[in-house]
Structures are given as structure tokens and as C-alpha cells.
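**Student:** Input: one structure, supplied below.
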Amino acid sequence: MGDRGYYQHHYLQRAREQARYDLPTFHRLSPITPPQDLFTEIEKAAEGTKTAREKYFHCINKAEEDLMKCVLPVPMGRLGSFWEAAERSRKESRKAGEDYYGWCKNGEKIREKLQKDILGFLVKELNSLSAVVGKLQDESVVRRIREEYTGEHVGLARR
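Here's what the structure looks like:
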């Protein structure tokens with residue numbers, strides 16, 4: 001009865017060492033860290049969309065101001081330059097609007113791509129995790145068979 005502890009400890013040690021070789025280290029699996037460049041693209045797109053939107057609204061307001069200058073009572077001789085300014089700002093606001101809608105479409109594409117990337121990444125993590133779980137199950141089956149065959153308690157390999 002006195003040497004049972006020695007054998008149990010010995011087998012535990014062996015099982016622990018074996019598990020250390022068999023399994024990938026657990027700290028790599030534990031906190032799931034996404035690839036670094038996964039979110040930078042969508043952050044840039046969001047920033048670009050925001051600036052385009054601000055520029056768009058600024059251009060609209062400017063065009064409205066220029067148009068109001070034309071409506072105010074002014075000497076007839078200078079009305080042409082006012083109309084030209086209003087036309088210019090209207091074209092500018094139209095271009096800014098097109099830029100903004102372009103950024104929005106681009107953002108949608110990037111969002112879809114990001115969803116696919118995240119899904120792929122999670123599937124990869126899940127596969128590696130299930131491989132580890134499979135190895136753990138194999139190890140437990142081997143341990144059970146060894147216990148049944150030898151008749152001695154091998155114990156759990158603690159990590």
C-alpha cells in the first residue's frame with residue numbers, strides 16, 4: 001500500500017510529459033486573437049466615409065448660400081458672377097455627393113469581405129480546437145485501455 005503513491009505519481013508525471021508533446025500549447029488557443037489587419041481596412045473606410053459625408057454637407061450648404069446670394073436684390077450688372085459661383089458650388093456638391101455614395105458602396109463591400117474573413121478565421125480556430133479536443137479524447141481512450149489492461153490507475157494528466 002505504501003508504494004501506490006509512488007507509482008501513481010510516476011504515471012502522472014509520464015502522462016503529463018506525454019501530453020506536453022502531443023498537444024499544442026494551450027495558451028495559443030485560450031485568448032482568440034484575430035489577425036492584426038482584420039479591422040484596419042474597415043476603420044479606414046469608416047473614416048473616409050465620414051470625411052466624404054462632411055464634405056458633402058459642407059458643399060450642399062455652400063451651394064445653398066451661393067444660390068441665396070443670387071436671389072437677394074443686387075445690381076443687375078454683377079448677377080452673372082453670382083450665377084457662376086452658384087453653378088460652380090452646385091457642381092462641386094454633386095461631385096461630393098457622388099464621392100460620398102461611392103464611399104458608402106465601398107464600405108458595404110468591405111463589410112461583406114470582413115464578415116467572410118471573420119467567419120473563415122473562426123472556422124479555422126474551431127478546427128484547431130476540435131483537433132485538440134480529439135487528441136484529448138484519444139488520450140483518454142488510450143488511458144482507459146491501459147488502465148483496463150494493466151489494472152492500475154493511471155490518473156488524469158493535469159495541465
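Using full-length UniProt numbering, you'd call the opening residue of the sequence shown number 1 and step up by one each time.
Built from N, CA and C at the ideal position, the CB exists for glycine as well.
Restricting to runs no shorter than 3 residues, where is the beta strand (DSSP E) found entirely within the segment 37–116?
**Tutor:** none
**Student:** Using the rule of at least 16 other Cβ atoms within 10 Å of the residue's Cβ for burial, across every protein chain shown, is S89 buried or exposed?
**Tutor:** buried
**Student:** Going by alpha carbons, who is nearest to T40 out of K69, R111 and F57?
**Tutor:** R111
**Student:** To which residues of the same chain is F26 closer than 6 angstroms at the C-beta, ignoring the five residues directly before and after it?
**Tutor:** Caution applies to F26, whose pLDDT of 49 falls short of 50 and renders its modelled position unreliable; the model cannot decide the point.
**Student:** Look at the Cβ atom of C59, then the Cβ atom of S81, and state whether they are nearer than 8 angstroms.
**Tutor:** no
**Student:** Given a cut-off of 8 angstroms on the beta-carbon distance, is the pair L38 and D117 in contact?
**Tutor:** yes
**Student:** Closer than 8 angstroms by C-beta to Y56: which residues in its own chain qualify, once you throw out the five before and the five after it? Chain order, please.
**Tutor:** S93, A96, G97, D99 and Y100
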